[in-house]
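Chains as they are written, first to last, in our numbering: chain A, 1 to 163; chain B, 1001 to 1803; chain C, 2001 to 2286.
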Ligand SMILES: Cc1cc2nc3c(=O)[nH]c(=O)nc-3n(C[C@H](O)[C@H](O)[C@H](O)COP(=O)(O)OP(=O)(O)OC[C@H]3O[C@@H](n4cnc5c(N)ncnc54)[C@H](O)[C@@H]3O)c2cc1C
Ligand code: FES
Ligand code: FES
């Protein structure tokens, strides 16, 4: 029997805002973001870590939110796709995805962008192979990945020595 | 009719200020990139319930009894339904499906009962508590078993388990055989491929107080769907409204009515509350149809000079336990056999056979990837026998513009020759092929090919580098033929448009055609912007609400750019005429002296801006005439439905293309790595280059998945790999270098000369890769996917000394 | 489910002892959560989250050994300079687990305790003769026993860790200068792949012949397997083509693969042989 009654209070910082929510102990971070906080930009694609559609940053690292229990996030910082845009301006990664044609059906896009965000945070000048590695856990059925890779490479900060 | 659809681009306008051919980002991309787009799973309504289905989970059985009492007793359960509770109206292409099954299940995914509950968790638990007693029946696991003597009958009405047969022929096979110097025959085996839309299937059904039904649905054929559903659920069609939220991938999967859709409606009816039913990934794998697996036997001949003489095809398609539109794919397959190349004598026979497997439906290419794999593999085999370059054989037989094919399709434009030549040149065809052949010939000195390469290189390089030498490379090619201007399958293949301008020059286009991620919305906006000389940002396309939009037959057959494009173009042209007339009156000029550009009425000769379009419209609206600019159009393509013999010009134009794949084969493990794909497509005219490239790249990679790794494995009717863990999609690492070229044949029927391309890029990929594997490693593999294990088995078999 | 978040090993052990059963230690959850949601394993009554125990995280040096906390993530291990220098194949192997999202969560302790024959960290640890530290609850807090990695696995999903115990650390000696070690895994696609088979080799040379040899195989037996027969072919020999051949044959003999939805038994033999041969050829030329 699902334990709908066993709810736990969880406090975390989501997209810079402190939130407190009540969630069942079995709920995943994905459930809480989507249903509790109505942040539906984070997608469910498989629920088992295989597709990356649910990618978010948890304390600065990209994770599959379907594989994290909400209770584990007590005291953590979460960044979702909704947290990237600021003052109505697209984040540069979002803009690159739009301009480079990296979005088709768009279902993989939020997860892709979060994975790209994590990659560029830790490696501002990735090579093509590093981009492929950074996105290896994100499936896309529409684009064939090429335009996604191009979009991210367009943001790679190139030093004089690696031209 | 053709003239009506083509457009005279104003002479003076230079290349650079036309929108056609530009790289235009998708209009809905910002909404999706910010996570604001609301897909079906993201939509919720007050008091909404959650639906869940109980699937049979056994391939063939009689339903003895269903006990729903435990489920009904659960708190939070609002309805439990079985076949006894609903209208049992048969539906589906074979009229052999019902929303819930009454007395018999014929595949594991058959829907037996359903629940609506307050939460998804309660619904899932309730479904588990439904007790069904079955009496198992013998399982028919394959078409061979289904047609064997004494096979169990799966559907009463069809005693031979063969619900459909397709025959086609032109010419006389025997004459063709007599005319041949060389004959090749072989059998090709194709697997089931799952659509794997990243967003799973779903629907939300709700009734209002008047009994009007609103569906948030992912269908790609809203108008046909509405009529069919009306019959199934017993609601008048005029009381059904379909709203299509953004969809997480389509690829043909949303062409049929799937049982979960009427089930959800019945639940909403029962509970008088909105009900949402969205699949989990596992349900998506188990309970949505796939690309049909097929066995294709093909025999074909050629004369010494390489001209084709005949082609004889017999196919068996595994229909699974129910019939969807997928059963009609031979209808498209025969067109490639008959018309990609000139062949005087062609015959095709196809049997669609019931089994207790999961069933198939439409999937990008609609049978054509299967057909093209067989066809283009066999052409390479013929070339091999003839001792000719596969490119030359194809060039000799390629259809040309102006020809009418054996099946009566009129090729007003045809860029196949250019496609063949361009892809070959881009790939370095001749050099690469010769290199591969040279290294193969060295190897064939002893029969043990794989071993020899290893030994030879060991000597040459010491053992140090031999691991890299057990890699061999090669190139292969394949072309395709596909409808490019719709396909007259239904009584009408048309699409309607309503176009209106507001007082400030902003345009709303209501089109019947749907956007399923393919970018049609942007292309249509571009066509309208171009036609009206307005910036893209002024155009808004509404394409997802049957209450607002005019009729369209649906998204399939790569038809949207072409058909909907023509319709919006004609509506835009009519609006343009009205605008220019109003401007001419106001500016005291002749309409043909004026043009529209960047939101302005300009002097047609000098390009000098004379007045803003908004001003002209306001003048018309608030001035003495009191008129608004609103236009409508319904475009029916100039194609004809095929006759009883399947002859006829079913599409307004036809798309062609050639892919050359370069591969590296690991002789030790059988891994095939695709290094590069050179793809050239006759697209008529490039409208949105960015969108077009995206379609082609995406299609290539989907085709690589089909070729290399994707397979829904089914044994005794059960699916063995219903998850992304074991159903292998391509990942970022699998993306080859892709070199795309476009041949612009400017089809007179297309909007600005464009043809449809949506499905094409997937079609030839598998054959090109398999041909490249042959060129690289000397093994011809006739069965997809080319998994490492399968390739290695072929390599080993080839290296065993011949008896 | 009741969720606990201990800060020390002792607290964790005591919580595991006192909480409502069944109790499950939780690290990254990348094995546990998919199993729960797929319904192949029931959710426990209590979870003890080990991730917030400082002592279980990170890489350190201890008396010349390298010591890794059980909750250290694959990403941290891959990036760790100590590991990259002292055990490069471990860095490589954990770097090929799934994808960044999983590597950021998946812990090495979880990888071992989950005891899949395909666990990617297991083979490098076998080659390193690693030892596993297992903590047991006692009245005074915790006692630690040390288990050689070779004895750690008992079957698919089974280890020597008893209910109530947790793995705290792994330790091993750095690979000596000049030693050769390599690891490779085979899947049907380059990323996101549970190994169809994997192979690791570590050899040290003395006087022109191999003085220490370790061979390990993944996904070809009920547990991550040490290749004793292959090692015997190598020990005391120079890496000639004949030795490589014999070693390859020994490997084919000693592995016990099964046929499943991912690959057949015969094919697993072939890819193990191919990977082993390639690694040994590289060793010969290095
Ligand atoms: C999509 C996907 C891909 C994957 N790909 C790979 C791959 O390529 N290679 C690979 O090796 N694995 C792979 N895995 C499996 C998994 O990620 C690893 O096994 C991972 O290392 C498990 O660690 P964890 O911390 O997430 O374990 P958890 O899920 O937290 O725990 C696993 C088990 O170990 C127990 N446990 C955890 N820590 C301890 C401890 N310190 N003491 C005692 N018991 C403990 C838990 O109770 C549980 O039974 C994949 C998983 C997924 C979902
Ligand atoms: S939904 Fe989390 S990885 Fe697919
Ligand atoms: S854009 Fe559709 S899945 Fe990536």
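Note that beta-carbon positions come from the ideal geometry of N, C-alpha and C, so glycine has one too.
Grab the span of the alpha helix (DSSP H) containing residue 1336 of chain B for me, first residue to last.
Judged by DSSP secondary structure, residue 1336 of chain B falls within the alpha helix (DSSP H) whose first and last residues are 1330–1339.
If you follow the beta strand (DSSP E) that residue 2183 of chain C is in, where does it begin and where does it stop?
First-last of the beta strand (DSSP E) with residue 2183 of chain C: 2180–2186.
Among the candidates B:1193, B:1233, B:1107, B:1202, whose CA atom is the shortest distance from the CA of residue 1243 of chain B?
For residue 1243 of chain B, the nearest C-alpha among the options comes from B:1202.
Can you list, in chain order, the residues of its chain with a C-beta nearer than 6 Å to that of residue 101 of chain A? Leave out the 5 residues immediately preceding and following it.
Listed in chain order, the non-local C-beta contacts of residue 101 of chain A below 6 Å within the same chain comprise 147, local neighbours out to five positions each way being set aside.
Starting from the Cα of residue 1528 of chain B, find the closest Cα among B:1421, B:1570, B:1108 and give me that residue.
Comparing Cα-Cα distances from residue 1528 of chain B to each of B:1421, B:1570, B:1108, the minimum goes to B:1570.
8 Å is my cut-off, CB to CB: does residue 61 of chain A come that close to chain C?
Chain C, which has a Cβ nearer than 8 Å to the Cβ of residue 61 of chain A, makes this yes.
Measure the C-alpha to C-alpha separation of residue 1158 of chain B and residue 1394 of chain B and round it to an integer number of angstroms.
So the two alpha carbons sit approximately 42 Å from each other.
Tell me whether residue 1440 of chain B counts as near ligand 5, meaning its Cβ is closer than 7 Å to at least one heavy atom of that ligand.
No copy of ligand 5 appears in this structure; the ligands present are ligand 1, ligand 2 and ligand 3.
Please name the residue in B:1680, B:1540, B:1286 whose C-alpha comes closest to that of residue 1425 of chain B.
Taking only the C-alpha atoms, the option nearest residue 1425 of chain B is B:1680.
Quick one: is residue 22 of chain A buried, meaning 16 or more other Cβ sit within 10 Å of its Cβ, or exposed?
Exposed, by the Cβ-count rule.
Cβ-Cβ distance between residue 1777 of chain B and residue 1792 of chain B below 8 Å:
Not in contact: residue 1777 of chain B and residue 1792 of chain B (Cβ atoms no closer than 8 Å).
Tell me the DSSP bridge mates of residue 1600 of chain B?
For residue 1600 of chain B, which the question treats as bridged, DSSP gives the partners B:1597, B:1612.
Are the segment 2239–2254 of chain C and the segment 2166–2179 of chain C in contact at 8 Å, needing three or more beta carbon pairs?
In short, these stretches do not touch, since the Cβ pair count stays below three.
Which parts of the segment 2027–2079 of chain C are runs of the alpha helix (DSSP H), unbroken and 4 residues or longer, counting only runs that do not cross its ends?
Restricting attention to alpha helix (DSSP H) runs no shorter than 4 residues, the segment 2027–2079 of chain C encloses them at 2032–2038, 2074–2079, ordered along the chain.
Proximity winner among B:1034, B:1654, B:1770, B:1763, relative to residue 1403 of chain B (alpha-carbon distances)
Of the candidates B:1034, B:1654, B:1770, B:1763, the one whose C-alpha sits nearest the C-alpha of residue 1403 of chain B is B:1654.
Once DSSP output is grouped into helix, strand and coil, what is the label at residue 1193 of chain B?
Reduced to three states, the DSSP call for residue 1193 of chain B is strand.
Run down chain B in chain order and give the residues with a C-beta less than 9 Å from the C-beta of residue 139 of chain A.
Correct list: 1196, 1198, 1724, 1729, 1730, 1731.
So within the segment 1476–1561 of chain B, which uninterrupted alpha helix (DSSP H) runs reach at least 4 residues, ignoring any that extend past its ends?
If we require 4 residues or more, the alpha helix (DSSP H) runs fully inside the segment 1476–1561 of chain B come out as 1520–1532.
Proximity to residue 1043 of chain B [Cα-Cα], best of B:1115, B:1034, B:1137, B:1204
Per the Cα distances, B:1204.
Mark residue 1034 of chain B as exposed unless 16 or more other C-beta atoms lie within 10 angstroms of its C-beta, in which case mark it buried.
Buried.
Which chain A residues are close to residue 1037 of chain B, counting only those with a beta carbon under 7 Å from its beta carbon?
Against chain A, the beta carbon of residue 1037 of chain B has neighbours under 7 Å at 106, listed in chain order.
For a contact meaning CB atoms closer than 8 Å, what does residue 1700 of chain B contact in chain A?
Within 8 Å of the CB of residue 1700 of chain B, the CB atoms of chain A belong to 144, in sequence order along the chain.
Contact list for residue 44 of chain A against chain B, beta-carbon separation under 7 Å:
Taking a Cβ-Cβ cut-off of 7 Å, the neighbours of residue 44 of chain A in chain B comprise 1041, given in sequence order.
What do you reckon, are the CB atoms on residue 1256 of chain B and residue 1325 of chain B nearer than 8 Å?
It is a contact, given that the beta carbons lie within the stated cut-off.
Mark residue 2218 of chain C as exposed unless 16 or more other C-beta atoms lie within 10 angstroms of its C-beta, in which case mark it buried.
Looking at its Cβ environment, which holds 16 or more other Cβ atoms inside 10 Å, residue 2218 of chain C is buried.
Within 8 Å (strictly less), CB to CB, does residue 2152 of chain C reach chain B?
No, its Cβ sits nowhere closer than 8 Å to a Cβ of chain B.
Using a Cβ-Cβ distance cut-off of 8 Å, determine whether residue 2180 of chain C contacts chain B.
Chain B, which has no Cβ nearer than 8 Å to the Cβ of residue 2180 of chain C, makes this no.
Any contact between the segment 2257–2270 of chain C and the segment 2202–2210 of chain C? By contact I mean 3 or more CB pairs, one from each, below 8 Å.
Because the criterion of three Cβ pairs below 8 Å is not met, the segment 2257–2270 of chain C and the segment 2202–2210 of chain C do not touch.
Flag residue 11 of chain A as yes if its beta-carbon sits less than 8 Å from any beta-carbon of chain B, otherwise no.
Taking CB atoms only, residue 11 of chain A has no neighbour in chain B less than 8 Å away.
Partner residues on chain B for residue 2190 of chain C, Cβ-Cβ distance less than 8 Å:
1731, 1733, 1734, listed in chain order.
Give the interface partners of residue 1249 of chain B over in chain A, defined as CB-CB distance under 7 Å, in chain order.
Against residue 1249 of chain B, the close residues of chain A are 105, 107, 141, 142, in the order they occur along the chain (beta-carbon pairs closer than 7 Å).
Alpha-carbon to alpha-carbon, residue 1435 of chain B and residue 1229 of chain B
Rounded to the nearest angstrom, the two C-alpha atoms are 58 Å apart.
In the DSSP assignment, what are the bridge partners of residue 1097 of chain B?
Its beta-bridge partners are B:1091.
Which residues mark the beginning and the end of the alpha helix (DSSP H) in which residue 2285 of chain C is found?
Unbroken alpha helix (DSSP H) run through residue 2285 of chain C: 2265–2285.
Are there any heavy atoms of ligand 1 lying less than 7 Å away from the beta-carbon of residue 2016 of chain C, as far as the coordinates show?
Residue 2016 of chain C Cβ: outside cutoff for every heavy atom of ligand 1.
Does any residue of chain B bring its CB to less than 8 Å from the CB of residue 130 of chain A?
Not a single CB atom of chain B sits nearer than 8 Å to the CB of residue 130 of chain A.
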